[in-house]
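A.B. asks: Residue numbers (our numbering): 27 to 561.
Cβ coordinates follow ideal geometry from the N, Cα and C atoms, glycine included.
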């Protein structure tokens, strides 16, 4: 059942059938009852996912600092449409009738006996009870729903069957501060039990710590909490679910995420806890890769010590048949071209690495519109050069010409075709190798004469808002990427982007994200969506 069909009439039913005097004996709800932790205390511990949504007007107002006029108009129209859909069965005005009383909310997803439909329980803070009573009176005048009142552990539950509907919903007010609405009676009863001392979503060991974390001054608009064991249990009840996927999921413990408004745009923080048996020690990155890529790079991924990750993965694969099969397949594929995956590929990748994309209007990559480059730092140059020699031989056997040339005193090797250089490799310095597509990029990385990515405004804006200590990062210049896509898709179906989607896309400057490790079993991802200032 759609949540929007549950929320609006729910309060009216409780207030007017249950008696306004008992329900609204206080005018306002304390703000400490609208935190994620407080609301989670009235939700069942059986929930396998819960989403907290802030309704603080001052927080949402900060979004108006960003975006083009077209993007702001598109978002405003969608918001108004959503409000109209929610109130399609009532003569209500969201700003006048709903906003004054509706506090922060949390929506929990519950296991269901019907595999195709999950059950939903929502808890909404009532921040102004007199405004809520006014709303309830207005709804009552138009209400044609059939309502039945029952009781469970001393708490009134209202079963409501809307006109022209065969599916009832259930409502109750808990702790004199929360309207709880559920798509089935069991959800309401479990919420009541949670307020009587039984376990609640707030006591779930996989998410309790994250629920208790303060906002730390952040303008939080939403949080999501996913206790993975509960998800795995729900999936296990479905005979159509893949058993291997369920087992893989059990290696995780929890996933949480926070969306907030930052000075440069939107910020997302995600945290993943894994089973200690499959935990991997991530190596910190020096973060200097951007200095080796040209300023027009529009996408970059960096990290550190692929050799360490590979060794940990292969060790853990001994206890997982599916993982071992994949590792063996990768090793077998490498052996077919005469390479030892452990020694010739990952063995020398001991330092930082990065992969980047750059626009190209010359050479073999001109028709594609972009080229790519890889950079690896290594403490074993001898093995790296041996591997490159083997790859050169493979290319030569595929009818490519292998040629060497000098670029500013540095020797580079290129795989050439009659149309030009397909790929080239060389050394930026004694321990830094590059591999690039197309002659222009080979020359650029060899000479390092062009302005670097870390000097560009877009890159500096995003990275300044992210943690400096990390295990790698991702960066994308959305403006450059969009311009490139537009240029090379003109007149094609791919260019027919929805006007609203295009308006939102054109409001984004760049995207950046980093990963870091809090401890061996806990990783954190932080991402920033840098938006254009409003005009």
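Taking 8 Å as the cut-off, decide whether the C-beta atoms of residue 233 and residue 253 are in contact.
C.D. replies: yes
A.B. asks: Of the residues 512, 295, 470, which one's Cα is nearest the Cα of residue 504?
C.D. replies: 512
A.B. asks: Could you spell out the range, first to last residue, of the beta strand (DSSP E) harbouring residue 437?
C.D. replies: Note, residue 437: beta strand (DSSP E), 436-443.
A.B. asks: Report buried or exposed for residue 183, applying the criterion of at least 16 other Cβ atoms within 10 angstroms of its Cβ.
C.D. replies: buried
A.B. asks: What's the call for residue 51, buried or exposed, on a 16-neighbour Cβ count within 10 Å?
C.D. replies: Any answer about residue 51 is weak, because its pLDDT of 39 lies below 50 and its placement is not dependable; what the coordinates show is given next. Exposed, since its Cβ has fewer than 16 Cβ neighbours within 10 Å.
A.B. asks: What does a CB cutoff of less than 8 Å around residue 200 pick up in its chain, not counting 5 residues either side in sequence?
C.D. replies: 68, 149, 181, 206, 217, 218, 221
A.B. asks: Confirm the yes/no value for this check: CB of residue 345, any heavy atom of the ligand PLP, distance under 7 Å.
C.D. replies: What this structure holds is no ligand at all, so the ligand PLP is not there to describe.
A.B. asks: Mapping the DSSP letters down to three states, classify residue 324 as helix, strand or coil.
C.D. replies: coil
A.B. asks: Excluding five sequence neighbours on each side, which residues of the same chain lie with their C-beta closer than 8 Å to the C-beta of residue 379?
C.D. replies: 315, 328, 329, 330, 332, 400, 401, 402, 403
A.B. asks: Hey, which unbroken runs of the beta strand (DSSP E) at 3 residues or more fall wholly within the stretch 204-256?
C.D. replies: Within the stretch 204-256, the runs of beta strand (DSSP E) at least 3 residues long that lie entirely inside it are, in chain order, 204-208, 245-253.
A.B. asks: With a 10 Å radius around its C-beta and 16 neighbouring C-beta atoms as the bar for buried, classify residue 53 as buried or exposed.
C.D. replies: Note that residue 53 scores a pLDDT of 48, beneath 50, so its modelled location is shaky; the value from the coordinates is reported in the next line. Of the other Cβ atoms in all chains shown, fewer than 16 fall within 10 Å of the Cβ of residue 53; this residue is therefore exposed.
A.B. asks: Can at least three beta-carbon pairs, one atom from the stretch 421-441 and one from the stretch 277-295, be found at a separation below 8 Å?
C.D. replies: Because the criterion of three Cβ pairs below 8 Å is not met, the stretch 421-441 and the stretch 277-295 do not touch.
A.B. asks: Between residue 496 and residue 541, which are expected to be in contact by the criterion C-beta below 8 Å, what is the C-beta distance as a whole number of angstroms?
C.D. replies: 6 Å
A.B. asks: How big is the Cα-Cα spacing for residue 335 and residue 368?
C.D. replies: If I take the Cα positions, the gap works out to 11 Å.
A.B. asks: Do residue 247 and residue 287 have their C-beta atoms within less than 8 Å of each other?
C.D. replies: yes
A.B. asks: Residue 208: which of 186, 423, 224, 251 sits nearest, CA to CA?
C.D. replies: 186
A.B. asks: Determine the direct distance from the alpha carbon of residue 436 to that of residue 299, and round the result to whole angstroms.
C.D. replies: 46 Å
A.B. asks: Pull the bridge partners of residue 273 from the DSSP assignment, please.
C.D. replies: Per DSSP, none; premise fails for residue 273.
A.B. asks: Give me the Cβ distance between residue 406 and residue 374, rounded to the nearest whole Å; I'm assuming they're in contact under 8 Å.
C.D. replies: 4 Å
A.B. asks: How many Å lie between residue 346 and residue 270 at the Cα?
C.D. replies: Annotation: residue 346 to residue 270 spans about 11 Å, alpha carbon to alpha carbon.
A.B. asks: For a quick check, are the C-beta atoms of residue 135 and residue 75 less than 8 Å apart?
C.D. replies: In contact: residue 135 and residue 75 (Cβ atoms closer than 8 Å).
A.B. asks: Can you name the residues that DSSP bridges to residue 539?
C.D. replies: Beta-bridge pairing links residue 539 to 500, 553.
A.B. asks: For the 8 Å Cβ check, are there 3 or more pairs between the stretch 482-500 and the stretch 454-474?
C.D. replies: Judged by Cβ distances under 8 Å, the stretch 482-500 makes no contact with the stretch 454-474, as fewer than three pairs qualify.
A.B. asks: For residue 197, is the classification buried or exposed, using 16 other Cβ atoms within 10 angstroms of its Cβ as the cut-off for buried?
C.D. replies: buried
A.B. asks: Compare the C-alpha of residue 550 against each of 177, 492, 502, 358 and name the closest.
C.D. replies: 492
A.B. asks: Quick check: what's the CA-CA separation for residue 410 versus residue 244?
C.D. replies: 46 Å
A.B. asks: Please confirm whether residue 390 and residue 450 have their CB atoms less than 8 Å apart.
C.D. replies: no
A.B. asks: By Cβ distance below 7 Å, which residues in the same chain neighbour residue 47 in space, the five residues on each side in sequence not counted?
C.D. replies: Any answer about residue 47 is weak, because its pLDDT of 37 lies below 50 and its placement is not dependable; what the coordinates show is given next. So the list is empty, once near-sequence residues are dropped.
A.B. asks: Please list the terminal residues of the continuous beta strand (DSSP E) segment that includes residue 284.
C.D. replies: 278-287
A.B. asks: For residue 173, which of helix, strand or coil comes out of DSSP?
C.D. replies: If DSSP states are grouped into helix, strand and coil, residue 173 belongs with the strands.
A.B. asks: Residue 195 lies in the alpha helix (DSSP H); which residues open and close that run?
C.D. replies: Element bounds for residue 195: not the alpha helix (DSSP H) but the beta strand (DSSP E), 195-200.
A.B. asks: Rounded to a whole number of angstroms, what is the C-alpha to C-alpha distance between residue 215 and residue 274?
C.D. replies: 33 Å
A.B. asks: For the alpha helix (DSSP H) containing residue 423, list its first residue and its last residue.
C.D. replies: 407-423
A.B. asks: If I measure Cβ to Cβ from residue 544 and keep anything under 7 Å in the same chain, skipping five residues before and after, which residues do I get?
C.D. replies: 550
A.B. asks: Within 10 Å of its beta-carbon, does residue 71 have 16 or more other beta-carbons around it, so buried, or fewer, so exposed?
C.D. replies: buried
A.B. asks: So is residue 213 buried or exposed if we call it buried at 16+ other beta carbons inside 10 Å?
C.D. replies: buried
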